[in-house]
Each structure stands twice: as structure tokens, then as C-alpha cells.
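Undergrad: So the number in the numbering used here is just where the residue sits in the sequence shown, counting from 1, plus 1. Have a look at this one before I ask anything.
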Amino acid sequence: MSDAAPATPVPPLKTLPDAQTVTSVRHWTDRLFSFRCTRPQSLRFRSGEFVMIGLLDDRGKPLLRAYSIASPNWDEELEFYSIKVPDGPLTSRLQHIAPGDQIILRPKPVGTLVHDALLPGKRVWFLATGTGIAPFASLMRDPETYEKYEQVVMMHTCRTVDELAYGRELIESLREDPLIGEMVEGKLFYYPTTTREDFHHQGRITDNLTSGKVFADLGIAPMDRDHDRAMVCGSLAFNHDVKAVLEGFGLREGANSEPREYVVEKAFVGEGI
Ligand SMILES: Cc1cc2nc3c(=O)[nH]c(=O)nc-3n(C[C@H](O)[C@H](O)[C@H](O)COP(=O)(O)OP(=O)(O)OC[C@H]3O[C@@H](n4cnc5c(N)ncnc54)[C@H](O)[C@@H]3O)c2cc1C
Ligand SMILES: NC(=O)c1ccc[n+]([C@@H]2O[C@H](COP(=O)([O-])OP(=O)(O)OC[C@H]3O[C@@H](n4cnc5c(N)ncnc54)[C@H](OP(=O)(O)O)[C@@H]3O)[C@@H](O)[C@H]2O)c1
């Protein structure tokens, strides 16, 4: 895949205590990539949480951004799924990392997209646009998700088909995974859609929920407060609109301190690149 931005050398991190080593990098499109790195021995996290990662800037100061951990908590390594913002202070550089390079990772995981923030239920909905699928890449690989729920529905919407590839491959690999494969069988429903390119399923998550199309297409019951729980991760506009849809089904927003029927996290801050 081609990279739009010119290659900028990744500054050496010398012997920073929070340095981790990149083990693999994969470019999915000219604006999306994923990478894996070593995991600090001390790092314990709940699937769905995020950490601060980054590089040193030109003056040798840490340039850090929030990133959802895309790998599950049992994985020996950490995985991240990233946008490439052409003039973004961090990602204009981060997109050029290669195996053997070092990144900074602050081992202080936090976040609201965790099982503890939801009341027990029968079905959980993971609702994501763009890179917002990252926390669900972790949660979908966590056996606890399938122990807690009878059904798991992953709705992921992007503008174009190529932007769905990371999620699609992940779900295919789950079905073949020796640990998770049997658990997801018949339980995990994947509903990817595009909004600006032809695809077998199209439309915004909000529209497919309010019209009832997703329930009809998957052959499942509509959402209700007694059975359904939801986790949301997308742009500010998406989060705002999908909250109204979930409230319309009777679900109420929860938090770590007060579990309820749905929780929300920003996939990024701002209006988009
Ligand atoms: C809780 C949280 C978790 C996050 N997790 C991830 C993650 O897993 N993967 C990831 O790629 N980013 C994630 N982000 C965004 C990330 O923190 C950075 O903003 C992003 O890496 C770009 O950094 P930058 O310095 O290059 O540009 P910034 O100056 O940080 O951003 C420049 C502009 O680019 C746009 N932008 C930033 N991130 C995105 C994105 N992901 N998708 C579309 N447009 C974007 C916004 O308009 C932003 O104003 C997360 C943000 C938050 C708050
Ligand atoms: N994706 C690209 O190919 C591309 C390329 C270059 C630059 N950009 C820029 O990058 C920024 C981020 O783009 P992105 O595609 O990652 O994120 P995005 O604009 O948030 O769109 C991601 C998906 O979410 C949907 N969506 C957006 N707002 C929504 C809402 N309020 N309710 C329900 N669904 C909603 C979009 O549908 P709609 O299509 O209906 O809006 C799209 O399918 C944008 O400013 C864009 O101009 C994108």
C-alpha cells in the first residue's frame, strides 16, 4: 500500500523506561494501519481500555496520544489499529514505524468500554465507525464476552469497503482460533456496512437500527432494555446520534461507577481529518 506522507525518521528512544519494541506492522489502506509491540510485564488491563502511546518529538519530548488496545488481555503482545492523519503530529510519524523500532507506552490503562460498566444482559451490541472498532477487536477476542452474553453483535460502518478489511479479517481469524472459535460459533453476529460505496449491506448504524433493518437481516429480536447492552465507539457526531437511538430503545448510559445498559467512548477528538 502507498503512504501519502513522506518518510520521517523515527527518533531513537534510547533507554526510556516506557519504551516498547514494535514487532510487526500492517498497512490496510493509505489511511489505516495496525501494529503490534512488546507488552510491559507489569501491564494488566481490561479488554476495551485505552493507553497513551507515542514517540519522541524533534526536541526529545514525548508526543503521546490515546489509543485503544486492540488485542485481548490474554495476548503476550499488544496490538493497535491506527489512522494516518497526513499532518497529525503523532501519526504523520507513527505510520512509518517498522519492526525493531521503539514506541513509548504509558502502562496506565483506563476507559469506559469494559464489561464492568454494564449491567448483566443477554445480548451485547458493539457499535463502531472507522477506527472505533479497535476496543471491540479486544473485546471480541476476550472469552469473558462470550461467557457473559448469549449473543454478540458487531456493527462496523465505514465509508468504503477497503476500510472494513481489518475488522473482517479479525472476525474470520476468530472463527478459526483454537481458544475462541468454539465460543463464537452461533453467538457472534457481524454486520459491516458502507455508506459511500456499494456493498451487500449499506447504511449508517443509526439508520439500520431505527429502521429495524439490522434485526430483520440478522433474524434477531429488536433491542430492549431487559435483554440488550451496548458499547459505542466512533466520532463525536456518531456517538451523539447513536446515543439518542439507544435511549429510544429504552437503554440508559452507564459508567464504571454506575453500570447501566450502554457505555460510550470517543474514537477520536475533533471533526475528523
Ligand atoms: C479515548 C481515545 C481512544 C483513541 N483510540 C484510537 C485508536 O485506537 N486508533 C486511532 O487511530 N486513534 C485513536 N484515538 C485518536 C488518537 O488519540 C489521535 O488523535 C490520533 O492518533 C491522531 O494523532 P495525531 O497526533 O496524528 O493527530 P491529532 O492532532 O491527534 O488529530 C488531528 C485530527 O485528526 C482527526 N483524527 C484523529 N484520530 C482520528 C481517527 N482515529 N479517525 C479519524 N480521524 C481522526 C481529528 O479530527 C483530529 O482533530 C483515540 C482517541 C481517544 C480520545
Ligand atoms: N473515509 C475516507 O475515505 C476518507 C478519506 C480521506 C479523508 N477523510 C476524512 O477523514 C475524516 C474521518 O473520516 P472517517 O470516514 O474515518 O469517519 P467519519 O466521517 O466519521 O465516517 C465513518 C462512518 O461513520 C458514518 N457516520 C458519520 N457520522 C455519523 C453519524 N452522525 N451517525 C451515524 N453514522 C455516521 C459515516 O457515514 P456517512 O458516509 O454517511 O457520513 C461513515 O460510514 C472525515 O472528515 C473525512 O473527510 C475520509
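Don't be surprised by glycine CBs; every beta carbon is placed ideally from N, CA and C. Because the structure is a prediction, the values reported are computed rather than measured.
Helix, strand or coil for G133 per DSSP?
TA: Sequence index remark: in the sequence shown, residue 133 carries index 132 (1-based). Helix, per DSSP.
Undergrad: What is the DSSP secondary structure of R142, counted as helix, strand or coil?
TA: Counted from its first residue, the sequence shown places residue 142 at position 141. Coil, per DSSP.
Undergrad: Contact between the segment 258-270 and the segment 223-230: three or more CB pairs below 8 Å?
TA: yes
Undergrad: Determine whether the beta carbon atoms of V111 and E50 lie at a separation below 9 Å.
TA: Position 110 of the sequence shown, counted from the first residue, corresponds to residue 111. Position 49 of the sequence shown, counted from the first residue, corresponds to residue 50. Against a cut-off of 9 Å, the Cβ pair of E50 and V111 comes out as a contact.
Undergrad: Taking Cβ to Cβ, would you say L119 is nearer than 9 Å to L140?
TA: Mapped onto the sequence shown, residue 119 falls at position 118. Mapped onto the sequence shown, residue 140 falls at position 139. No, the Cβ-Cβ distance between L119 and L140 is not below 9 Å.
Undergrad: Based on Cα-Cα distance, which residue from E170, I206 and C159 lies nearest to E198?
TA: The sequence position of residue 198 within the sequence shown is 197, counting from 1. E198 has its Cα closest to that of C159, out of E170, I206 and C159.
Undergrad: Quick one: which unbroken alpha helix (DSSP H) runs of 4-plus residues sit fully inside the segment 209-263? Chain order, please.
TA: 214-219 and 237-249
Undergrad: Please report the distance separating the alpha-carbon of N209 from that of R169.
TA: Indexing the sequence shown from 1 puts residue 209 at position 208. Indexing the sequence shown from 1 puts residue 169 at position 168. Straight-line Cα distance between these residues: approximately 19 Å.
Undergrad: Have a look at E272 and L79 and give me their C-alpha separation to the nearest angstrom.
TA: In the sequence shown, the residue the question calls residue 272 occupies position 271. In the sequence shown, the residue the question calls residue 79 occupies position 78. Cα to Cα, the separation comes out at about 28 Å.
Undergrad: Do G55 and L91 come within 9 Å of each other at the CB atom, strictly closer than that value?
TA: In the sequence shown, residue 91 corresponds to position 90, counting from 1. In the sequence shown, residue 55 corresponds to position 54, counting from 1. The Cβ atoms of L91 and G55 lie closer than 9 Å to each other.
Undergrad: So, helix, strand or coil for T113, using DSSP?
TA: In the sequence shown, the residue the question calls residue 113 occupies position 112. Coil, per DSSP.
Undergrad: Flag I84 as yes when its Cβ comes closer than 8 Å to any non-hydrogen atom of ligand 1, and as no otherwise.
TA: In the sequence shown, residue 84 corresponds to position 83, counting from 1. At least one heavy atom of ligand 1 is nearer than 8 Å to the Cβ of I84, so yes.
Undergrad: Starting from E183 and walking both ways along the alpha helix (DSSP H), at which residues does that stretch end?
TA: Mapped onto the sequence shown, residue 183 falls at position 182. Its alpha helix (DSSP H) spans residues G182 to V185.
Undergrad: Taking all protein chains shown into account, decide if N74 is buried (16 or more other Cβ within 10 angstroms of its Cβ) or exposed.
TA: Translated into positions along the sequence shown, residue 74 becomes position 73. Under this definition N74 is a buried residue.
Undergrad: What is the rounded straight-line gap between the Cα of T24 and the Cα of L247?
TA: Here residue 24 corresponds to residue number 23 of the sequence shown, with the count starting at 1. Here residue 247 corresponds to residue number 246 of the sequence shown, with the count starting at 1. Roughly 39 Å between the two C-alpha positions.
Undergrad: Among all the DSSP beta bridges, which residues are the ones paired with H28?
TA: Counted from its first residue, the sequence shown places residue 28 at position 27. Paired residue(s): F34.
Undergrad: Would F190 and L219 be called neighbours here (beta carbons separated by less than 9 Å)?
TA: Working through the sequence shown from its first residue, we reach residue 190 at position 189. Working through the sequence shown from its first residue, we reach residue 219 at position 218. It is a contact, given that the beta carbons lie within the stated cut-off.
Undergrad: Just the Cα atoms here: how many angstroms apart are E183 and D143?
TA: One-based indexing of the sequence shown puts residue 183 at position 182. One-based indexing of the sequence shown puts residue 143 at position 142. Approximately 13 Å between the Cα atoms of the pair.
Undergrad: Looking at L44: is its Cβ nearer than 9 Å to the Cβ of I105?
TA: Translated into the one-based positions of the sequence shown, residue 44 becomes position 43. Translated into the one-based positions of the sequence shown, residue 105 becomes position 104. I105 is positioned such that its CB atom lies no closer than 9 Å to that of L44.
Undergrad: Among the residues of its own chain, which have a CB less than 6 Å from the CB of S3, if the five just before and after it don't count?
TA: On the sequence shown, residue 3 is found 2 positions in, with the first residue counted as 1. At S3 the pLDDT is 44, less than 50, meaning the model places this residue with poor confidence and gives no usable figure here.
Undergrad: Just to confirm my understanding: we take N240, look at its own chain, exclude 5 residues before and 5 after, and list those with CB closer than 7 Å. What are they?
TA: Start at 1 with the first residue of the sequence shown, and residue 240 comes out as number 239. Only V233, V265 and K267 meet the Cβ criterion.
Undergrad: Pop quiz: Y150 and K123 are said to be a contact at Cβ under 8 Å. What is the actual Cβ separation, rounded to whole angstroms?
TA: On the sequence shown, residue 150 is found 149 positions in, with the first residue counted as 1. On the sequence shown, residue 123 is found 122 positions in, with the first residue counted as 1. About 7 Å separates the two Cβ atoms, so the contact holds.
Undergrad: Please work out which residues of its chain come closer than 6 Å, Cβ to Cβ, to D19, disregarding the five sequence neighbours upstream and downstream, and give them in chain order.
TA: Stepping through the sequence shown from its first residue, residue 19 is reached at position 18. Here the set comprises I105, L106 and R107.
Undergrad: Secondary structure at K267, three-state DSSP: helix, strand or coil?
TA: Taking the sequence shown and counting its residues from 1, one reaches residue 267 at position 266. In the structure shown, K267 sits in a strand (DSSP, three-state: E or B).
Undergrad: Using DSSP with H/G/I as helix, E/B as strand and the rest coil, what is G168?
TA: Looking up residue 168 in the sequence shown gives position 167. It is helical.
Undergrad: If contacts are defined as beta-carbon pairs under 8 Å, then V26 and I98 qualify, I think. What distance do you get, rounded to the angstrom?
TA: To locate residue 26, count along the sequence shown from 1; it is residue 25. To locate residue 98, count along the sequence shown from 1; it is residue 97. Going by Cβ atoms, the distance from V26 to I98 rounds to 6 Å, so yes, they are a contact pair.
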